[in-house]
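Okay, so here's the structure we're looking at.
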Ligand code: GLC
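Numbering (the working numbering), first residue to last: 1 to 725.
Listed below in structure tokens is the structure:
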């Protein structure tokens, strides 16, 4: 099917058939379909007819090779022009083989493994019949109260952009038509969803265009520059207009300024939500505003199928808009080769070999090892001493609830628990005593507490396996109190008097307020929700078979009262300078300004020393390059991986500038005593930003380049940019 044939197909379609292509329904609408043509499912609840379901353009939440084959085959029988369904699903960090949550992957700073995770997810999804995944989610986040931080890669636009590209490459590959082991990607949620006020999901977002462009938009643009096929609208408002009805955001910026001509799909129900938002009086006005904004597919609400044809017939909407939307949907089907191969990669036989295979699980394990972040390791409690007797205590000791909130195809019972991981990694069962101690949020019973105390007493070291239920983060799962549940804090306090060396392993979906944890234990390893192989990965780290190398992609607040707290903030006119205390400065009376652990932070099992950064010159001209070098030495006793980070500060801009901006990083693997040089190049384009009039350019003046192990402990050197572009 070429473009000309597609145009001809469009020309054969009735207005109602074109509108039906813009309808996306969940799987139940198509299940139970049989030769009699009766479709079971909640049609009545949504007020759609059999004709509309038969004409629908796509289905969401469907997977399983045989089920897809059955539904697609049946759909083609009843679709007048034989137009196949697009099968879309949320494959966010794995299909059946669940990888660490994206916030964990964000801490790996390893784009090759990130890309591999998406490639594996695509391979398993495609053989199970999926054509499009609703990923990557690239919303920038600064508020750990928001449940969906788990789905993001953190607070930095540069790093988010690298991950956006890596995920799109992994999902889509280089030949979406010929390579049926890949799926089309859908970057989401456009735009600014992570800036919800008060960290409450679906809440108002009100950002200046500068903030939006400087921090929130760049990763979506990176995904599209990498060839991402689809965009999903966000639930929130932007400048008072919900994204799904926002013509500036969708037409002016996305389609005209960025030149995106792919499919734009609403988030679930977001078109009809224009009514409760208060910008549409009814479904008809919602349909009018959404189609004018350029939304092609309406997910799971019937405003388009109920009203769009009438709006065209009444002249309120030009049929051209419907034709363009339907054409984009048909074009995506063409790109995926669905007209020639409507079953595409669905293959029940191969599905059994590919899905959850050892090769995929090994990839998940490798990424989980890289995604864990060692936040504290007083007295070198980790790695565990080879002969130590270990008390593994806590609700996550044997829990499979380590897959995270977007793991609907993954099975907790298939997950490697920490307990099983330790034994599989060679820990002698005779040296392991286990007690659950308490529930995730259920207080310890007397028996549980007694058993935990007894286990700790007989052990040389205590490993606490703590965290959040997976459902305590993710969509609509926000928390105002981001500490560990009281039950677990009480367990830590009860064990403290025993004075045993203690390491806390955290399985959670957000940066936590670690009061009652970090101040009570020796070591803290942030494991996030590490996925199907999580227990195996953490065990490798605890036993020293691998060293932690993760670096935080999102700040850990000192307390929730600091939120939002992020490294690339503005200096203010009254910065709080701890070395020069003053009352009338930007500060709190009761807590520090600094987060507990900053962006980019993470420890390993060795230590590194940094030389002073040196520059090839102290002036940079437009068109020229500066080389920035720093020598790093492994001053410890174990091999280790260091992520050397390069930040820049523009001392005086046309508008205020962040005190630091990540611009590059290098990974060095160094043996004990080994020294290597990290070398970076800086060029004028990396110094550009949105000026007062929103032009994207640089200006001459003083800058500081910082190099170091994280956003806090980085040494700075000044240089000048000598000529504006
Ligand atoms: C949800 C989410 C979105 C997801 C969609 C389909 O509401 O916001 O991320 O892709 O619905 O499941």
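C-beta atoms are modelled at their ideal positions from N, C-alpha and C, and glycine is treated no differently.
Owing to the predicted nature of the structure, the values given are computational and were not obtained by experimental measurement.
My understanding is that residue 201 touches residue 148, with C-beta atoms under 8 Å, so please give their C-beta distance in whole angstroms. 7 Å
Going by the C-beta, is residue 590 closer than 6 Å to any heavy atom of the ligand GLC? no
List the DSSP bridge partners of residue 586. Note: residue 586 is not bridge-paired with any residue in the DSSP secondary-structure output.
Got a sec, what are the start and stop residues for the alpha helix (DSSP H) residue 289 sits in? 283 to 293
If you follow the alpha helix (DSSP H) that residue 720 is part of, which residue opens it and which one closes it? Per DSSP, residue 720 belongs to no alpha helix (DSSP H); it is in the beta strand (DSSP E), 715 to 721.
Looking at residue 609 and residue 644, is the spacing between their C-beta atoms short of 7 Å? Taking C-beta atoms as the reference points, residue 644 and residue 609 fail to come closer than 7 Å.
Helix, strand or coil at residue 419 [DSSP, three-state]: helix
Exposure label - residue 314; buried when at least 16 CB within 10 Å: Note on residue 314: under 16 other CB atoms within 10 angstroms of its CB, so exposed under the neighbour-count rule.
Distance CB(residue 418)-CB(residue 538) smaller than 7 Å: yes
Buried or exposed (CB count within 10 angstroms, at least 16 for buried), residue 706: buried
With distances taken from CA atoms, which of 688, 668 and 691 is nearest residue 680? 668
Under 7 Å between C-beta atoms of residue 63 and residue 89: yes
Could you work out which residue in 159, 252 and 556 is closest to residue 222 when comparing CA atoms only? Among 159, 252 and 556, the Cα nearest to that of residue 222 belongs to 159.
Flag residue 171 as yes when its Cβ comes closer than 6 Å to any non-hydrogen atom of the ligand GLC, and as no otherwise. Incorrect: residue 171 has no Cβ contact closer than 6 Å to the ligand GLC.
Starting from the Cα of residue 133, find the closest Cα among 627, 172 and 191 and give me that residue. 172
Please tell me whether residue 456 and residue 500 are closer than 7 Å, where the distance is taken between their beta carbons. Result yes, Cβ atoms of residue 456 and residue 500 sit closer than 7 Å.
Give the DSSP-derived three-state secondary structure of residue 539 in the structure shown. helix
Within 8 Å, do at least three Cβ pairs link the region 247 to 260 to the region 298 to 310? Cβ pair count under 8 Å is below three, so no.
Element boundaries [alpha helix (DSSP H), containing residue 171]: 157 to 172
Which residue or residues does DSSP assign as beta-bridge partners of residue 331? Residue 331 pairs with nothing; no bridge assigned.
Sufficient close CB pairs (3 or more, under 8 Å) joining the region 46 to 63 to the region 125 to 132: yes
Identify, in the order they occur along the chain, each residue of the same chain with its Cβ nearer than 6 Å to the Cβ of residue 339, setting aside the five sequence neighbours on each side. 1
With the cut-off set at 7 Å, would you say residue 541 and residue 548 are in Cβ contact? yes
The alpha helix (DSSP H) enclosing residue 303, as first and last residue numbers: Membership of residue 303 in the alpha helix (DSSP H) is indicated by the continuous run 303 to 313.
Would you mind reading off the limits of the alpha helix (DSSP H) that contains residue 16? Per DSSP, residue 16 belongs to the alpha helix (DSSP H) from 15 to 20.
When the Cα atoms are used, what is the spatial distance from residue 165 to residue 227? 9 Å
Unbroken alpha helix (DSSP H) runs of length 4 or more, entirely within the region 60 to 139: which are they? 65 to 78, 102 to 105 and 111 to 127
With 16 other CB atoms within 10 Å as the buried threshold, where does residue 693 fall? exposed
Nearest-angstrom Cβ-Cβ length linking residue 652 and residue 702, presumed shorter than 8 Å: 7 Å
Shorter than 6 Å, the distance from the beta carbon of residue 90 to the closest heavy atom of the ligand ADP, or not? In the structure shown, the ligand ADP is absent; the only ligands present are the ligand GLC.
With DSSP as the reference, please indicate the residues paired to residue 641 in a beta bridge. 669
Check whether the Cβ atoms of residue 93 and residue 139 sit closer than 7 Å, and answer yes or no. no
What whole-angstrom Cβ distance do residue 484 and residue 72 have, given they're in contact under 8 Å? At roughly 46 Å, the Cβ-Cβ gap does not stay under 8 Å, so residue 484 and residue 72 are not in contact.
So what does DSSP say about residue 554, is it helix, strand or coil? coil
Option in 591, 193 and 13 with minimal Cα separation from residue 206: 193
Using alpha carbons as the reference points, say which of 272, 233 and 334 lies closest to residue 307. 272
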